[in-house]
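The listed protein sequences derive, respectively, from chains A and B. Going by this note's numbering, the first sequence opens with residue 426, and the numbers climb by one from there. Going by this note's numbering, the second sequence opens with residue 426, and the numbers climb by one from there. One structure below.
2 protein chains.
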Amino acid sequence: MNVLVTGGAGLIGSSLCRRLLERGDSVVCVDDFSLGTPRHVQDLKKEKGFRLEKRDVAKPGWHKGLKGPFELVVHLAANSDISTGRKKPEMDLERTLLTTFETLQAARALRARGFAFASSSAVYGYEPVFPTPESAPRLHPVSVYGAGKLASEAYISAFVENYGLNAWVYRFGNVVGRRLTHGAIYDFVAKLRRDPSKLEVLGDGRQRKTYIDVEDCVSGILHGVAKSPAGKTHAERFQVFNLSTDGATSVREIAEEAARVLTGGKARIQYGESPIGWVGDVPRTSLDVAKLKALGWAPKLDSLSAVRKSVADYAEWSK
Amino acid sequence: MNVLVTGGAGLIGSSLCRRLLERGDSVVCVDDFSLGTPRHVQDLKKEKGFRLEKRDVAKPGWHKGLKGPFELVVHLAANSDISTGRKKPEMDLERTLLTTFETLQAARALRARGFAFASSSAVYGYEPVFPTPESAPRLHPVSVYGAGKLASEAYISAFVENYGLNAWVYRFGNVVGRRLTHGAIYDFVAKLRRDPSKLEVLGDGRQRKTYIDVEDCVSGILHGVAKSPAGKTHAERFQVFNLSTDGATSVREIAEEAARVLTGGKARIQYGESPIGWVGDVPRTSLDVAKLKALGWAPKLDSLSAVRKSVADYAEWSK
């Protein structure tokens, strides 16, 4: 299968490209290295069937020179660092939404059949039903990032109807693993390396969110595409799945694990007073993943195990 | 009250500006005259408290030189001609979404408190529940225009959380009246003027959609803002209302009315075979408007009466 991956040098993209090559696919990996880095895919460069392209997928016509058709485009590129979106909403609009729009335009031009998209639990905003199903009655995102993800879903839905694409939209929990580019674990490791005596945590640490290991996330993406093929109606061609673990992990658990691994538990952890880490932070996320599980997929690691593995792997990777 | 209206020279904007001036508000009416025309607000220019500004609200910084604060920004500017969005999705993205994003940025800069937005039943796509409530479990738009409206809602929701705006989002049915800029009545009148002997209709004419008279639409916008003031939580500060009549009117009824008024019923009406008028057309729309009605609002005209009045008024206006 010919697969095009945007954001291919990021956390999820770099694992996805590996998995696709292992199963014999040809992969064009596109990244602008704003969050992802060439090091994330360095070992893949020698693989037959792998091609790395430095391109900014927010630019109209970014696909020029690439040759289709692609059986599948997996669009992962985004400003995945949610807290910065507030300071620069115009940057987040460009990185999180316009990347999607221009990748949809590229998918048309490159005669792609399938389009898989990295959406987010952030589309649900403060939805009060836990675990939250895909059919939640409110999609009112509270971060600029979440807005960009819901906006992206909307344009994908319209492109499915108008231009013959088939789409799989995955609303991810917090995805963690070895090649982190942002997030709580990333921040905690950096802070503890700067000063192993203490760890300052944004917010009171009681936020509880659902985490998933990047390898389970990649399995879920490919499982949905394989086991829920597109039908004829719009509903059968635009499919939405939550993708995470059943459980949730608190920021306190993450902070303690980071302090344990990096400093043998010696760092003093200092919590803030706010129930959220920043404006637009959603203090509790829990996703109902029954829809994808009904297709035979299940994560190998639960939420806390995924966090622990990521702390250990990223601490080693980032040495 | 100081009110800023984007798309103020369009069908809805020109009626809204009139109503606001009548109740003593000061109005800054912004339009780029791409769909709206200066003639629509010509008679308002002599009114005290009215200011007309030709500006393109998709351009960053379009508000430069305007002075806030505004109590209310009503954002109506969009590419409201749905069927053209398919041919030029990048145009629709700019006119329907980027106008919203840049008006949100303007609202921040102009220290606006309230933000009322013209969304659309198009956000519901092929939602099969009729009448469709605001809490419909799927928001999967099938037109590029509908995508731009849902994307706009998403960014408004995030701006409410991040930058202190209060928002009222209205998902309109088909709004009709005297100063039409597009749509079935507009097209039928133009066709019958070119050739009074026949009227070719896109699609089989069996599409049934909900219509509302522009004056009732304007009443609904102002009623919601007045009677459902913002509270403290995000849910109380980002409020979504369907805004239309209870009933629906078929394209056949509209075609027959146009042929009757324009040609005394002599035009032969020729229908197509498709159940939709164009790709992305939703053949049936019906909105549950109980939420706004519970606040004491009700339309004066039903769907068919609104259509009939618009055919008569627009035929006269466009002579």
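Quick reminder that beta carbons are idealized off the backbone N, C-alpha and C, glycines included. Note that the structure is predicted; figures quoted are calculated from it, not measured.
For residue 596/B, no alpha helix (DSSP H) segment is defined; the enclosing uninterrupted segment is the beta strand (DSSP E) at 591-597. In its chain, beyond the 5 residues on either side, 613, 616, 617, 680, 683, 684, 692, 693, 694, 695 have a beta carbon closer than 8 Å to the beta carbon of residue 624/B. If you draw a straight line from the Cα of residue 655/A to the Cα of residue 649/A, it is about 10 Å long.
Contact between residue 597/B and residue 560/B does not hold, since their C-beta atoms are separated by about 17 Å, which reaches or exceeds 8 Å. With the criterion set as a beta carbon lying under 9 Å from some beta carbon of chain A, the members of the region 574-604 of chain B are 574, 575, 576, 577, 578, 579, 580, 581, 582, 583, 584, 585, 586, 587, 588, in sequence order. A straight-line Cα-Cα distance of about 15 Å links residue 509/A and residue 701/A. With distances taken between CA atoms, residue 637/B lies nearest to 669/B out of 619/B, 669/B, 661/B. Residues of chain B whose Cβ lies closer than 7 Å to the Cβ of residue 511/A are, in chain order, 587. One Cα belongs to residue 537/B, the other to residue 567/A, and the distance between them is close to 19 Å. For residue 509/A, the enclosing alpha helix (DSSP H) has its first and last residue at 507-510. Interface annotation, residue 700/B: not in contact with chain A, CB-CB separation never under 9 Å. Within 7 Å of the CB of residue 568/B, the CB atoms of chain A belong to 583, in sequence order along the chain.
According to the DSSP assignment, residue 587/B belongs to the alpha helix (DSSP H) that extends over 569-588. Flagged as an interface residue toward chain B: residue 526/A, by a C-beta distance shorter than 9 Å. Beyond the five residues adjoining it in sequence on each side, residue 528/B comes within less than 6 Å, by CB distance, of 431, 482, 500 in the same chain, given in chain order. With a beta-carbon spacing of about 18 Å, residue 574/A and residue 601/A fall beyond the 8 Å limit used to define contacts.
When the beta-carbon positions are compared, residue 495/A and residue 569/B stay at least 9 Å from each other. Listed along chain A, the residues sitting closer than 9 Å to residue 659/B by beta-carbon distance are 550, 551, 565, 567.
In the three-state scheme derived from DSSP, where H, G and I count as helix and E and B as strand, residue 551/B is classed as coil.
Straight-line spacing of the CA atoms in residue 728/B and residue 514/A works out to 40 Å. As a beta-bridge residue in DSSP terms, residue 664/A pairs with 593/A. Taking 9 Å as the cut-off, the beta carbon of residue 450/B is found no closer than this to the beta carbon of residue 433/B. DSSP, read as helix, strand or coil, puts residue 521/B in helix.
Looking from the CA of residue 719/B, the closest CA among 652/B, 580/B, 439/B belongs to 652/B. Residue pairing by DSSP leaves residue 433/B without any beta bridge partner. Contact annotation: residue 441/B and residue 533/B have beta-carbon atoms that are not nearer than 9 Å. Counting only residues of its own chain and dropping the five nearest sequence neighbours on each side, residue 611/B has a CB closer than 6 Å to the CB of 605. Sequence-distant partners of residue 580/B (beyond 5 residues in either direction) whose C-beta falls short of 7 Å from its own C-beta, in its chain, are 525, 526, 529. For residue 648/B, no beta strand (DSSP E) run applies; the uninterrupted alpha helix (DSSP H) run containing it begins and ends at 639-652, by DSSP. Excluding sequence positions up to five before and after residue 469/A, its CB lies within less than 7 Å of the CB of 442, 443, 446, 475, all in the same chain and listed in chain order.
Short of 7 Å from the beta carbon of residue 629/A, and not among the five residues preceding or following it, lie these beta carbons of its own chain, in chain order: 696, 697, 698, 699, 700. Residue state for residue 617/A is assigned as helix, using DSSP reduced to three classes.
The C-beta of residue 664/B has 16 or more other C-beta atoms within 10 Å across all chains shown, which makes the residue buried.
Using a CB distance cut-off of 9 Å, residue 561/B counts as an interface residue toward chain A.
Taking 9 Å as the cut-off, the beta carbon of residue 645/A is found no closer than this to the beta carbon of residue 712/A.
Note on residue 539/A: 16 or more other CB atoms within 10 angstroms of its CB, so buried under the neighbour-count rule.
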